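Using our numbering, the first residue of the sequence shown is number 116, and each one after it goes up by one. Glycine is no exception: its CB is placed at the ideal position from the N, C-alpha and C atoms. In this text the structure is predicted, and so the values were computed from the model without any measurement. First comes the structure, then the notes that go with it.
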Amino acid sequence: MSEINGINEIMENKDGVNADATMPNVIEAYENGVPAAGEPFTFLQYDISAMQTFTFEATDDAGTYEFSHTFAPLAGREDALVRFDSDRSIEYSQTGKDTEIVASSAVASLRLWNELATAVTGYGEDDVLPPNWKEMVPEEDKVAAVRELLWAEIVIVDDDEKTSRLAGRRGWADTLSGEKTIRIRSNFSGREVITAVTFRPRTAADLMAYERIQGRIRLTRSGSLQIRPQLKAKGELFDRMLVSSIGYASGIPLHHKALAITALFEATAETKKSNS
Numbered sequence: 116m117s118e119i120n121g122i123n124e125i126m127e128n129k130d131g132v133n134a135d136a137t138m139p140n141v142i143e144a145y146e147n148g149v150p151a152a153g154e155p156f157t158f159l160q161y162d163i164s165a166m167q168t169f170t171f172e173a174t175d176d177a178g179t180y181e182f183s184h185t186f187a188p189l190a191g192r193e194d195a196l197v198r199f200d201s202d203r204s205i206e207y208s209q210t211g212k213d214t215e216i217v218a219s220s221a222v223a224s225l226r227l228w229n230e231l232a233t234a235v236t237g238y239g240e241d242d243v244l245p246p247n248w249k250e251m252v253p254e255e256d257k258v259a260a261v262r263e264l265l266w267a268e269i270v271i272v273d274d275d276e277k278t279s280r281l282a283g284r285r286g287w288a289d290t291l292s293g294e295k296t297i298r299i300r301s302n303f304s305g306r307e308v309i310t311a312v313t314f315r316p317r318t319a320a321d322l323m324a325y326e327r328i329q330g331r332i333r334l335t336r337s338g339s340l341q342i343r344p345q346l347k348a349k350g351e352l353f354d355r356m357l358v359s360s361i362g363y364a365s366g367i368p369l370h371h372k373a374l375a376i377t378a379l380f381e382a383t384a385e386t387k388k389s390n391s
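Structure (structure tokens):
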């Protein structure tokens, strides 16, 4: 498996960053070893070996407060993310025509925060942490901090870019696009990062493996259906299919792997609508 240790543009019109640049230009420029049009750029990688700090503001009747949470590096902590995935399993139960959905994501977030948080600032009279500081941080702040740590989304290719790449007719046995690149927008230590991963063409065996992962449902003693954890299995499928990546300094976090592999297999052909 090869990995391109690339660089990514922060899509903000400040600090010398070209807000008109597009991610394809940045990826192409890096792969060709030359600057993209419209320099200068500010680049940032997602580095799982680095600590991350997220700063928040909260306002109540007494005023506005600023506080921050710092997390240990995600490198080597896939076990914590797997436990998080297990803790947030969702249960469905059917009563007549009504379906009840019970999620435990808050509980999962609190456990993950307790495992990964290394420091906080902005609480108490100074930033000296008492021995039991983890117990004293408000739970709503912990959940918000974990949400920022794990936030990631797929970057949707706009219609103009799709149109410019229309290939015409498909071959009889062709899979969609052959190799496929998935772009991810995420939050690294309070700054937006765009990364990309490229997969080899999907095979029937890959599809069957993904369907087995998605089909992990267990019937509980109470009669409800429980969706089993999927993060680890999706990460393993990701590793088998990855060709290259751009924008990761020292590895790809597990939750990015799961997000990308889901996007790869959930992509479907779209119906072309006529204006007539």
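Could you tell me which residues DSSP pairs with residue i in its beta bridges?
i      : result
SER360 : VAL312
PHE169 : HIS184
GLU268 : ARG300
ASP321 : Answer is none; ASP321 lacks a bridge partner.
TYR161 : TYR363
ASP175 : GLY178
From this set, the options, which residue's C-alpha is nearest residue i's C-alpha?
i      : options                        : result
SER220 : ARG355, PRO344, VAL358         : PRO344
GLN167 : MET251, SER201, ILE299, THR233 : THR233
PHE380 : ALA190, TYR363, PHE314         : PHE314
SER359 : MET251, LYS349, ALA259, ARG298 : ARG298
GLN160 : GLU240, ALA311, ARG226, VAL222 : ALA311
ILE163 : TYR363, THR236, ALA382         : TYR363
THR236 : PRO253, ARG226, GLU230         : PRO253
ARG355 : SER365, LEU322, ALA382, VAL258 : LEU322
GLY293 : PRO316, ILE309, VAL308         : PRO316
Is the beta carbon of residue i less than 7 Å from the beta carbon of residue j?
i      : j      : result
TYR369 : GLU193 : According to the sequence provided, residue 369 is Leu. The question's Tyr does not apply to it. Yes, these two residues count as a Cβ contact at 7 Å.
ALA223 : LEU374 : no
LEU231 : PHE186 : yes
PHE199 : LEU227 : yes
ARG300 : VAL270 : yes
Write down the C-beta distance between residue i and residue j rounded to the nearest angstrom, noting that I regard them as a contact closer than 8 Å.
i      : j      : result
SER183 : THR174 : Incorrect: roughly 16 Å between the Cβ atoms, too far for contact.
Within 10 Å of its beta-carbon, does residue i have 16 or more other beta-carbons around it, so buried, or fewer, so exposed?
i      : result
ILE376 : buried
TYR145 : Its pLDDT being 46, under 50, TYR145 is placed unreliably in this model, and the coordinates cannot settle the point.
VAL243 : exposed
LEU352 : buried
ILE328 : buried
THR318 : exposed
ARG203 : buried
ASP176 : exposed
TYR180 : exposed
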